[in-house]
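Asker:
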Ligand code: HEA
Ligand code: HEA
Ligand code: CUA
Ligand SMILES: [Cu+2]
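Residue numbers (this note's numbering), protein chains in the order written: chain A, 1 to 257; chain B, 1001 to 1639; chain C, 2001 to 2105; chain D, 3001 to 3425.
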């Protein structure tokens, strides 16, 4: 992986800080595409031998740690402080109308979507491995499993679809909450919950679009080892979003007031 | 060394492609972007200064009516916001841009187009947040915009919308720049320049980038909450829904305290370049200087609640934050003493830059000591939100950051423009500035300790504050001619200053080994660095014989244009030399404009939903479209 | 870390399908245990509940970062770029929790 | 660079100027100084401050002396030798790491001690005062005495006072510099501040709001009077009683037993208001006007644009004023115990308005003239003031149109209302 091309210096990834990642990151990968057309890559010297973009994305992920720490802190600080329901883990009766609100969190659905997101990380890591190993010929006796493992398209599709499934679960969750009477304006829980998970969802959306562009390139001209860095950047981002969900799932969903 | 004529003989290749205005609008050259930053932020410094002068005029005597209460409240909000976000941070960014690649021996920053983008976002965001004061509809919540006052309930008008959105725009610029410079410093050092050979300015900038990377996400989230509250009716700071307004305060100061070190560390870096050069001595205790910078940055994340001693945190919180705050005196003190002992035993040349650097040592110490006095909560309860605090932070900001930046401008002007600034005017500027600065801010210690609250547009007679306010105001008035001398000097010297050679001050670091002003590619051949003072290795070998020298750098490269440390005299253009340079492009500008249009759309939303939506979608379309075009265009043209 | 030694391939190269598969399995298993624990009221009520959940989620966090994000294998610079900010982020979060008296009860 | 630089002349003037400044601070009359030894808190803080000032000065002098010595000794001269190259000195660097640590320890010890000392519980017999912040005035309640008043705080000399700080709108901060440290009034929280004014005697003090709270943050002041126990009791008893019009004859024996909660429903027809008996004693202690220091007398000028026919004040009728007041919007915002129609809570309690020395949170003296201007156009008198404009023809900031006879008051009517309010001793 260190052998990756060190050529392109445009950095789409750090523009993620805009808070509108979906639109921005989407086209990160067209640049190398244009590059390789010319096939005149300069090898700029770098101090560490690493690509600038990989350093930038790790710095960006460090920054995102603080972003989500702020969001999660806020959620936890306001936990149990809402004046009116519905509440996440406990029942609430509206004193005016007598209407009863069940605990609003849907643990089975979210457990499922958590599982989906975890599996998408597996698919992502396999996609990266497939891209990196594109040039290694499959052994003659390669079975279906080996051939599957070597397919970057398969795993990119899998990642995208799993990501989209996660988003679908979230969409279902959001709409059903609104249906049950919890909006972003209802109470402190609503505001913090929708904002935190919404931010996370926006990150997932950005990731899905980013992966979509990779997939498009894969169909157009095939992703190979020289694209490994680009896939790696997307993968790091994707796993980070996953890791954040691991924290959110435990802190929001599983630990009651 | 021979004196080189001011206008170097190499042609300006960019000029032939794009002329004048367009050349600036499309540049991706870190030096040009640095110049843009410098001029823009000097403009905002004057603007913020004029706001301050207006405030001081109003406060000259009790019960004056130069401005109204609401105008005054806008003035101090915008003065603080302007000085912090539009003057000092970008003044530092001007130096990041101009100097970091030169000090590292690089041809540009890691992401040149992102760099242009950062500048345009800053400029447009700056205009966005500054324009309203011309119509007296500017933000009026104070530069820390405490909730719930900053929420829709208590600030229903458009004023605070400008602030909430404007600071977010500026945050994008700062973050993009920070990722860029952090990557540049990690990854674009010349062969042989390990971390312990980086010039001190680059070191302090390095720490600053991490402070930005870690502090700005927090203010972004705090602002997103406020924005959601104001625009979408959420409850983050809605006290009637049970919200706790201290949430804003904590989030703000988790950002806000590191922010003050973001403001001071680059200035510290600049004087760390000026002092050794003008003392003919290496920096005293280089390693400790670097580590203390890191330590200041790190501790800076553990002290934020010292801005909140009066909110009733309880004794445990007060104690912890008091003690961590006091600890910061130690690494800072180390810096102060190391600077002094850099001069000690040296051969000091009192250039204007040197005077300002010494001014920083003298004045920052005062501000630091007053900082220590309010790190003690019982004492701070008598000081917080009084003019005593105003005195503290102007001593560190004006006496520290601004002094350091002026020092840097005088010092690096010859590198930027190939001409010296006028030393005599510089000396006048220094003394007038030094004296009137003290005249302005020293009396504030007294008015504060004698009970004068801050952020008051008026005060009553017979409170015992009249003399001190009068003095402060006179000082502020005197700062105007002081600054005017500087401005005059700056523009005059650009045109007709005495020509400066490449190594204008007989300095030790890489940026002085190339012509002044540097050619677009900076280094025709990337130098291999063997020690901390590569240029002194050549010009004054006797000065560097004690520093460790290695040539580890050579081993890793194998690039055709890397050669041993040398004095660069190449005058041909990049094209002639076959050096690939990032091509100029306007796309970062349009992308930045897209962002600002988007935020403007949101601003309009509550007043005209249709127009607002049109703005948001137009902006988003611009953003996506130009970003796509940007990312699909290769960075460099191939020769 | 209890289990990484069991599954990490200690060759100097990149991990392979074999590693990834085990990581995914562990992630799934831990998630199942977590959710299961959530549905045992007596356990939820006990003092061990929150710490054990936090522990499990920390384990998941770490193995994804180490194996899927390759931090275990990659340049040590990246480890510094990630853990530094993470430590500050977690410390800030804990400090805020304390300031808002979240651990008081 | 050896040429004498003219600006150095400036420096010569600067230092004496500094000294002058320092001496000015020692003389002079500084009623709001934070170092006045009026409470134990202030004395402790002063001694803490002195420690810090001492050590701060030591540090300052050390730094500036070495700095100046370096500048003077090592200035470059034509024949300066090439300096010896020193890259650092571990022993020295350890010294200036450790020495500050000692200094900080000297500061830290009394700091921590005082943090804990002043966040402990107040003495049980402390006077309790609830402080409620409003944009931009102060409400003071004395639960032990069933008093509600505004902008003027009576506390007892030599008796601990414990403030419970709350706000109804935004964050404010309560501070009497000469008596003790400030505390913020934070929504959804109650902060506590207490101290004992043990060496003040009978004195008046300035208090202020110190957290920026909007337009008139600067105009959110108050007065605090430390009075002796007997005077306090007299003041408190009087304040607790209802105010009535017309004022009862001076000797009304049953006064002490005035129930404070018998105001009853506010639905009574205002036109038929009759002063309910029993009446309040007409005299209670009031902090003597003559004893107000110069700093306690408001000097805010009247806005030039606001006109009022002051001649009307001379022969205004309190009787008519009562009727006008009770029929105007005033009653929706203000409370006058004893005037059953006046039940509002948005504005300051006016029950004993005439017993206060200032109006509008310390901005203006409480006399007929200023009160008349205030009622005519409070917003012009005090930026952003949340009291409606009443003068006919005056611009109403909320409705964005000039006041009409509909709800507006003529100068005559205002003069009458003032006359009525002036009777509410
Ligand atoms: C450049 C910006 C900058 C810098 C560097 C600092 C540095 C410090 N600041 Fe300052 N501060 C501000 C900008 C800055 N500050 C601003 C803008 C505000 C107000 C914000 C607002 O409310 O609007 C503020 C407010 C502020 C407060 C809150 C006051 C209040 O509102 O009540 C406190 C409280 O502790 C504080 C403390 C300190 C300390 C201890 C340092 C230390 O880092 C100083 C350390 C330096 C020294 C001590 C001098 C050198 C050391 C020696 C010579 C060694 C020996 C010294 C000793 C033993 C003492 N600052
Ligand atoms: C880096 C930051 C910085 C700098 C440099 C300054 C510089 C100055 N500040 Fe600053 N100030 C702050 C940061 C800064 N300030 C902050 C953060 C606050 C808190 C805000 C808040 O409470 O929200 C504050 C608050 C503040 C207050 C308190 C307001 C209040 O609480 O009510 C005052 C009052 O005197 C003041 C005065 C000044 C003055 C006189 C200068 C002078 O030094 C200015 C000198 C500059 C000039 C005089 C400009 C030169 C002008 C010319 C040369 C004219 C040219 C003319 C033409 C081109 C036509 N400032
Ligand atoms: Cu109330 Cu400021
Ligand atoms: Cu601070």
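Ideal Cβ positions, reconstructed from N, Cα and C, are used throughout, including at glycine. The structure presented is a predicted model; accordingly, all values stated were derived computationally and were not measured.
Kindly identify the DSSP beta-bridge partner or partners of residue 3172 of chain D.
Answerer: Here the question's residue 3172 of chain D lines up with position 172 in the fourth chain. D/3185, per the DSSP bridge assignment.
Asker: List, in order along the chain, the chain B residues whose C-beta lies closer than 7 Å to that of residue 3101 of chain D?
Answerer: In the fourth chain, residue 3101 of chain D corresponds to position 101, counting from 1. Those are 1330, listed as they occur along chain B.
Asker: Among D/3041, D/3050, D/3088 and D/3051, which residue has its Cα nearest to the Cα of residue 1286 of chain B?
Answerer: For the purposes of this step, residue 1286 of chain B is identified with residue 286 of the second chain, where counting begins at 1. Here the closest residue by C-alpha is D/3088.
Asker: Can you check whether the C-beta of residue 1608 of chain B is within less than 7 Å of a C-beta belonging to chain D?
Answerer: Reading the second chain from its first residue, position 608 is the one you call residue 1608 of chain B. Not closer than 7 Å to any Cβ of chain D, the Cβ of residue 1608 of chain B fails to qualify, so no.
Asker: Applying the 10 Å Cβ sphere with the 16-neighbour rule, what's the burial state of residue 1310 of chain B?
Answerer: What you label residue 1310 of chain B is simply residue 310 of the second chain in a count that begins at 1. Buried, by the Cβ-count rule.
Asker: What residues in its chain sit with their C-beta under 6 Å from that of residue 3270 of chain D, if we drop five residues either side in the sequence?
Answerer: Within the fourth chain, residue 3270 of chain D is the residue found at index 270, counting from 1. Note on residue 3270 of chain D: pLDDT 42, under 50, position unreliable in the model; the coordinate value appears next. Contacts found: 3326, 3327 and 3341.
Asker: With a threshold of 16 other CB atoms inside 10 Å of the CB of residue 3079 of chain D, please say whether the residue is buried or exposed.
Answerer: Here residue 3079 of chain D corresponds to residue number 79 of the fourth chain, with the count starting at 1. Classification for residue 3079 of chain D: exposed.
Asker: Where does residue 1261 of chain B land, buried or exposed, given buried means 16+ other C-beta within 10 angstroms?
Answerer: For the purposes of this step, residue 1261 of chain B is identified with residue 261 of the second chain, where counting begins at 1. Buried, by the Cβ-count rule.
Asker: Sort B/1528, B/1580, B/1531 and B/1484 by Cα distance to residue 1046 of chain B and report the nearest one.
Answerer: Reading the second chain from its first residue, position 46 is the one you call residue 1046 of chain B. The option with the nearest alpha carbon to residue 1046 of chain B is B/1484.
Asker: Give the single residue among B/1187, B/1222, B/1179 and B/1615 whose Cα lies nearest to the Cα of residue 1208 of chain B.
Answerer: In the second chain, counting from the first residue as 1, residue 1208 of chain B sits at position 208. Looking at the Cα atoms, B/1179 is the closest of the given residues.
Asker: Could you please give the first and the last residue of the uninterrupted beta strand (DSSP E) stretch that includes residue 3133 of chain D?
Answerer: Here the question's residue 3133 of chain D lines up with position 133 in the fourth chain. Run containing residue 3133 of chain D: 3127-3134, per the beta strand (DSSP E) assignment.
Asker: Quick check on the DSSP output: what are the complete alpha helix (DSSP H) runs of length 4 or more inside the segment 3312-3349 of chain D, in order along the chain?
Answerer: 3318-3327 and 3330-3333
Asker: Grouping DSSP H, G and I as helix and E and B as strand, with all else coil, what is residue 246 of chain A?
Answerer: Taking the first chain and counting its residues from 1, one reaches residue 246 of chain A at position 246. Residue 246 of chain A: helix per DSSP, three-state reduction.
Asker: Within 10 angstroms of its Cβ, does residue 83 of chain A collect 16 or more other Cβ (buried), or is it exposed?
Answerer: As a first step, residue 83 of chain A is located in the first chain; it is residue number 83 there, counting from the start. Result: exposed.
Asker: Does the Cβ of residue 1429 of chain B lie closer than 6 Å to at least one heavy atom of ligand 4?
Answerer: Here residue 1429 of chain B refers to the residue found at position 429 when the second chain is read from its first residue. Residue 1429 of chain B Cβ: outside cutoff for every heavy atom of ligand 4.
Asker: Check this for me: beta carbons of residue 1221 of chain B and residue 70 of chain A, under 7 Å apart or not?
Answerer: Position 221 of the second chain holds residue 1221 of chain B. Position 70 of the first chain holds residue 70 of chain A. Closer than 7 Å, so yes.
Asker: When the Cα of residue 1094 of chain B is compared with those of B/1202, B/1057, B/1136 and B/1080, which residue comes out closest?
Answerer: Reading the second chain from its first residue, position 94 is the one you call residue 1094 of chain B. Answer by Cα proximity: B/1202.
Asker: How far does the beta strand (DSSP E) with residue 3138 of chain D in it reach, from first residue to last?
Answerer: By one-based count along the fourth chain, residue 3138 of chain D stands at place 138. Its beta strand (DSSP E) spans residues 3137-3142.
Asker: What does residue 3399 of chain D reach in chain B if we use C-beta pairs closer than 7 Å?
Answerer: If you number the fourth chain from 1, residue 3399 of chain D lands on position 399. Chain B residues near residue 3399 of chain D: none, gap ~16 Å exceeds 7 Å.
Asker: Listed from N- to C-terminal order along the chain, which residues in the segment 150-163 of chain A have their beta-carbon within a distance smaller than 7 Å of any beta-carbon of chain C?
Answerer: Interface annotation for the segment 150-163 of chain A against chain C: empty, criterion Cβ-Cβ distance under 7 Å.
Asker: What do you reckon, are the CB atoms on residue 260 of chain A and residue 1236 of chain B nearer than 7 Å?
Answerer: One cannot answer for residue 260 of chain A here, as it falls past the ends of chain A, which runs 1 to 257.
Asker: Looking at residue 3184 of chain D and residue 3312 of chain D, is the spacing between their C-beta atoms short of 7 Å?
Answerer: One-based indexing of the fourth chain puts residue 3312 of chain D at position 312. One-based indexing of the fourth chain puts residue 3184 of chain D at position 184. Cβ atoms of residue 3312 of chain D and residue 3184 of chain D: not closer than 7 Å.
Asker: Mind listing the chain D neighbours of residue 1344 of chain B? Cutoff is C-beta to C-beta under 9 Å, in chain order.
Answerer: Residue numbering aside, residue 1344 of chain B sits at position 344 when the second chain is read from its first letter. By Cβ distance, chain D contributes 3066, 3069, 3070, 3073, 3074 and 3086.
Asker: Which bits of chain D does residue 1199 of chain B rub up against, with CB to CB less than 8 Å?
Answerer: For the purposes of this step, residue 1199 of chain B is identified with residue 199 of the second chain, where counting begins at 1. Result: empty, since nearest Cβ-Cβ is about 15 Å, beyond 8 Å.
Asker: Would you kindly check if the distance between the Cβ of residue 1500 of chain B and the Cβ of residue 1414 of chain B is under 7 Å?
Answerer: Locating residue 1414 of chain B in the second chain gives position 414, where the first residue counts as 1. Locating residue 1500 of chain B in the second chain gives position 500, where the first residue counts as 1. Closer than 7 Å, so yes.
Asker: When the Cα atoms are used, what is the spatial distance from residue 3170 of chain D to residue 1242 of chain B?
Answerer: Indexing the fourth chain from 1 puts residue 3170 of chain D at position 170. Indexing the second chain from 1 puts residue 1242 of chain B at position 242. Approximately 14 Å between the Cα atoms of the pair.
Asker: Reducing DSSP to helix, strand and coil, say where residue 1419 of chain B ends up.
Answerer: The sequence position of residue 1419 of chain B within the second chain is 419, counting from 1. Three-state result, residue 1419 of chain B: strand.
Asker: Just the Cα atoms here: how many angstroms apart are residue 1624 of chain B and residue 108 of chain A?
Answerer: Locating residue 1624 of chain B in the second chain gives position 624, counting from the first residue. Locating residue 108 of chain A in the first chain gives position 108, counting from the first residue. Their backbone Cα atoms lie some 37 Å apart in a straight line.
Asker: Alpha carbon to alpha carbon, how far is residue 3034 of chain D from residue 3045 of chain D?
Answerer: Working through the fourth chain from its first residue, we reach residue 3034 of chain D at position 34. Working through the fourth chain from its first residue, we reach residue 3045 of chain D at position 45. Rounded to whole angstroms, residue 3034 of chain D to residue 3045 of chain D spans 9 Å at the Cα level.
Asker: Below 8 Å, can you find three or more Cβ-Cβ pairs linking the segment 1596-1603 of chain B to the segment 1030-1049 of chain B?
Answerer: no
Asker: Could you name the residues of the same chain whose beta carbon sits closer than 7 Å to that of residue 158 of chain A, not counting the 5 residues immediately before and after it, in chain order?
Answerer: Sequence index remark: in the first chain, residue 158 of chain A carries index 158 (1-based). Excluding positions up to five away in sequence, the list reads 123.
Asker: From B/1343, B/1085 and B/1301, pick the residue whose C-alpha is nearest to that of residue 1327 of chain B; which is it?
Answerer: In the second chain, the residue the question calls residue 1327 of chain B occupies position 327. That would be B/1301, whose Cα lies nearest to the Cα of residue 1327 of chain B.
Asker: Quick one: Cα of residue 2047 of chain C to Cα of residue 1320 of chain B, how far?
Answerer: In the third chain, counting from the first residue as 1, residue 2047 of chain C sits at position 47. In the second chain, counting from the first residue as 1, residue 1320 of chain B sits at position 320. Rounded to whole angstroms, residue 2047 of chain C and residue 1320 of chain B show a C-alpha spacing of 28 Å.
Asker: Along the beta strand (DSSP E) that carries residue 2959 of chain D, what are the first and last residues, could you check?
Answerer: Since the first and last residues shown for chain D are 3001 and 3425, residue 2959 of chain D lies out of range.
Asker: Determine, for residue 1183 of chain B, whether the minimum Cβ-Cβ distance to residues of chain A falls below 7 Å.
Answerer: Here residue 1183 of chain B is taken as the residue at index 183 of the second chain, counted from 1. Residue 1183 of chain B counts as touching chain A.
Asker: Quick one: does residue 80 of chain A have its CB under 7 Å from some CB of chain C?
Answerer: Indexing the first chain from 1 puts residue 80 of chain A at position 80. No, residue 80 of chain A lies away from the interface with chain C (no Cβ there is under 7 Å from its Cβ).
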